[in-house]
Ligand SMILES: [Zn+2]
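Residue numbers (this note's numbering): 82 to 163.
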């Protein structure tokens, strides 16, 4: 029994998966590979935990501080798909 309900379709069936998360802020992007997420098995909607999103945000701003000149920052993940 899962108490989580999909906001989209109302399904309660989820699967844990790792996915690429694209964080964007004012035209800057950070692609975070292997981000843990819960996927709705019915509609494919992705849900991320709040602390996961916080960590991505923290990392994003840390990168920004060191690379102020870069107007666009993107981290390309390794192609490690099966
Ligand atoms: Zn759903």
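The beta carbon of each residue, even a glycine, is placed where N, CA and C say it ideally should be.
Exposure of residue i, with buried meaning 16 or more beta-carbon neighbours within 10 Å
| i | result |
| --- | --- |
| residue 111 | buried |
| residue 141 | buried |
| residue 96 | exposed |
| residue 90 | exposed |
| residue 93 | exposed |
Residue j beta carbon less than 7 Å from that of residue i
| i | j | result |
| --- | --- | --- |
| residue 129 | residue 118 | yes |
| residue 120 | residue 127 | yes |
| residue 115 | residue 99 | yes |
Beta carbon nearer than 5 Å to a non-hydrogen atom of ligand 1: 87, 89, 90, 92, 121, 123, 124, 126
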